[in-house]
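In my numbering, the protein residues as written are 5 to 390.
In structure tokens:
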């Protein structure tokens, strides 16, 4: 699974149409790199931006073209201190390239944005990311972490189950489809006892599965409540098919291909709800994780294996941009104007190509509304060590 804070950031659109929000399982945690000697921070003062900048670099599906720092839109205006937490998170699992800089990154955590910019200019070289073939416009979408009310047990008003991986999942590949899981007695028997919680709305359950993780406030059998994260654990290995496209093919959805638009179409045509849900045979299974106050400030773990930071983490094609790479992102469109430092910390099955990113918008309804509408042009620059 490309099994991702996520102010806001359209994997809902991309999830609805292309499944971009179902994220890859994270790699196991590893200790941060510890350099033998601690390098000195660059001295204060201006950094020259006119030295030779070298040749272009080809990497995977992309070409990196060196540029001046002055070419980055809004570089002097971004509050980079907001991105530093995301960078420090990347230093929990740095690759060899960036691991040697992590001690400096940590020391700059309390520095001003001007000091952080000065350090980046001294230590890093910006490269414009381009496709290897003909020039093509980049695309920015967004994903988020849904947050819903749930019940530990099925009861009136809470009948949409969310499952942990069933014990027989590995014995059959692909496993049963979504429709078969609801209609075949043998599939239902194998699912029995795997329910983690129940939501009130089956469409919300589908959204959570498309996004790949979410937060639920669970009401326990004794009436107590607690907030937990449902993180991606596995799938039934069935292909993803877009429920939004299914509505379009039925002639029930035109123009507003967003979750609000989809909900309006379903409200006007309640008789198609079951077909809408079954149109996507792919099912996501979850594992429950506790949410401490500190954990609640971040999103789920992305493919890099570190927790995502709202508005400062993106999903990328790792064939073009390695995990843990700082990226300058520029996107201007009807949803938002974004010129900011972000970190490549996740990927997705629909996140393919050189200039392609999924922006982590955060969690809850506001992030979902933003993510559901985000689909606009994109430019990106990687910031690579000199």
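Virtual Cβ for every residue (Gly too), placed ideally from N, Cα, C.
Nearest to residue i by CA position, among the options, is which residue?
i: residue 125; options: 73, 169, 168; result: 73
i: residue 340; options: 270, 146, 311, 386; result: 146
i: residue 230; options: 58, 300, 285, 281; result: 300
i: residue 187; options: 177, 271, 223, 278; result: 278
i: residue 200; options: 207, 220, 189, 182; result: 220
i: residue 388; options: 276, 370, 127, 270; result: 127
i: residue 66; options: 326, 158, 256; result: 326
i: residue 337; options: 380, 371, 363; result: 380
i: residue 378; options: 367, 368, 363, 206; result: 363
i: residue 140; options: 356, 390, 376; result: 356
i: residue 196; options: 212, 207, 222, 158; result: 158
i: residue 151; options: 212, 143, 292; result: 212
i: residue 353; options: 227, 228, 59, 245; result: 245
Looking only at its own chain, which residues have a Cβ that is under 7 Å from the Cβ of residue i, when we skip the five neighbours before and after it?
i: residue 39; result: Reliability fails at residue 39, whose pLDDT of 43 lies under 50, so the model's placement of it is uncertain and no value is given.
i: residue 238; result: 169, 173, 289
i: residue 76; result: 130, 332, 385
Considering only their Cβ atoms, is the gap separating residue j from residue i smaller than 8 Å?
i: residue 232; j: residue 297; result: no
i: residue 203; j: residue 166; result: yes
i: residue 374; j: residue 361; result: no
i: residue 135; j: residue 358; result: yes
i: residue 215; j: residue 287; result: no
i: residue 57; j: residue 68; result: no
i: residue 217; j: residue 149; result: yes
i: residue 164; j: residue 209; result: yes
i: residue 346; j: residue 100; result: no
i: residue 313; j: residue 90; result: yes
i: residue 276; j: residue 254; result: yes
i: residue 240; j: residue 178; result: yes
i: residue 274; j: residue 376; result: no
Which residues in the same chain as residue i place their Cβ atom closer than 6 Å to its Cβ, once the five residues preceding and following it in sequence are excluded?
i: residue 71; result: 130, 132
i: residue 162; result: 155, 202, 204
i: residue 64; result: 323, 324
i: residue 194; result: 170, 172
i: residue 393; result: Residue 393 lies beyond the range of the chain shown here (5 to 390); nothing can be said about it.
i: residue 34; result: Any reading at residue 34 needs caution, since the residue's pLDDT is 45, under 50, leaving its predicted position unreliable; the model's value is listed next. Result list for residue 34: 97, in chain order.
i: residue 102; result: 328
i: residue 117; result: 83, 84, 85
Have a look at the DSSP bridge pairing and note the partners of residue i.
i: residue 332; result: 345, 385
i: residue 151; result: 219
i: residue 363; result: 146, 318
i: residue 203; result: 154, 164
i: residue 213; result: DSSP lists no partner for residue 213.
i: residue 229; result: 223
i: residue 93; result: Paired residue(s): none; residue 93 is not in a bridge.
i: residue 380; result: 144
i: residue 350; result: 319
Given residue i, which residues of its chain have a CB within under 8 Å of its CB, disregarding the five upstream and five downstream residues?
i: residue 175; result: none
i: residue 191; result: 180, 184, 185
i: residue 247; result: 20, 210, 266, 280, 281, 283, 284
i: residue 121; result: 79, 80, 84
i: residue 311; result: 93, 299, 302, 303, 304, 305
i: residue 123; result: 45, 46, 108, 112, 115
i: residue 110; result: 92, 95
Looking at the C-beta of residue i, does it have a partner C-beta in chain D at a distance below 8 Å?
i: residue 347; result: In summary, chain D is missing from the structure at hand, where a single protein chain is found.
(message) Which complete beta strand (DSSP E) runs does the segment 231 to 317 hold, if anything under 3 residues is left out?
(response) Whole beta strand (DSSP E) segments, 3+ residues: 288 to 294.
(request) Starting from the N-terminal side, write out each stretch of the beta strand (DSSP E) that is 3 residues or longer and does not extend beyond the segment 111 to 187. (result) Assignment of beta strand (DSSP E) within the segment 111 to 187, counting only whole runs of 3 or more residues, yields 128 to 135, 142 to 149, 151 to 155, 164 to 167 in chain order.
(message) Which runs of the beta strand (DSSP E) at least 3 residues long sit entirely within the segment 56 to 89? Give them in chain order.
(response) For the segment 56 to 89, whole beta strand (DSSP E) runs of length 3 or above, ordered along the chain, are 61 to 63, 66 to 70.
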